[in-house]
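A.B. asks: Let me begin by handing over the structure; questions about it come next.
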Amino acid sequence: MSASDTFHVEKRIPLFIVLLSGAFITILNQTLLGTALPPIMKDLQVSESTVQWLQSIFMLVNGIMIPITAFLIERYTSRQLFLTAMSIFALGTLLCAVGVDFSMLLIGRVLQAAGA
Numbered sequence: 005m006s007a008s009d010t011f012h013v014e015k016r017i018p019l020f021i022v023l024l025s026g027a028f029i030t031i032l033n034q035t036l037l038g039t040a041l042p043p044i045m046k047d048l049q050v051s052e053s054t055v056q057w058l059q060s061i062f063m064l065v066n067g068i069m070i071p072i073t074a075f076l077i078e079r080y081t082s083r084q085l086f087l088t089a090m091s092i093f094a095l096g097t098l099l100c101a102v103g104v105d106f107s108m109l110l111i112g113r114v115l116q117a118a119g120a
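Position one of the sequence shown corresponds to residue 5 (the working numbering), numbered consecutively onward.
Now the structure itself:
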């Protein structure tokens, strides 16, 4: 392996770690919600069908974002898109953390899905 090849590999490892971390956080967020649904139902006094919207809306917005992302990739750099997406996801997570009612939690989930 030449010095040039080593440089490219060493430069790509941190990038790979950052991208993998973003994907891991998104998947972990969706998975952990399943175990949190019963306490959310109790605390916010909502029915099972209502609380299920937290997972459903995430999937719906994710599906909507796929063609939009294809459009955005042509106009912005990968770095800009990744940083924007992670910022939107973090904003949604913050809104979910401080949410005092179900509607705030649902809006936070929409933002999380848009950033995922």
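All C-beta atoms, glycine included, are put in the ideal place defined by N, C-alpha and C.
#1: Three-state secondary structure (DSSP) at residue 25?
#2: Leaving out five residues before and five after residue 94 in sequence, what residues of the same chain have Cβ atoms less than 8 angstroms from its Cβ?
#3: Find out if the Cβ-Cβ distance for the pair residue 117, residue 65 is shorter than 7 angstroms.
#4: Unbroken alpha helix (DSSP H) runs of length 4 or more, entirely within the segment 50-84: which are they?
#5: Taking only the alpha-carbon atoms, compute the straight-line gap between residue 41 and residue 109 and give it to the nearest angstrom.
#6: Does DSSP put residue 120 in a helix, in a strand, or in coil?
#7: What is the DSSP secondary structure of residue 47, counted as helix, strand or coil?
#8: Does residue 55 pass the burial test, meaning 16 or more other C-beta atoms within 10 Å, or should it be called exposed?
#9: Report yes or no: do the segment 69-81 and the segment 19-26 share at least 3 C-beta pairs separated by less than 8 angstroms?
C.D. replies: Let's see:
#1: In this structure, residue 25 counts as helix in the three-state DSSP scheme.
#2: 119
#3: yes
#4: For the segment 50-84, whole alpha helix (DSSP H) runs of length 4 or above, ordered along the chain, are 52-55 and 57-77.
#5: 12 angstroms
#6: coil
#7: Note: residue 47 maps to helix in three-state DSSP.
#8: Burial state of residue 55 is buried, judged by a 10 Å Cβ sphere holding 16 or more other Cβ atoms.
#9: no
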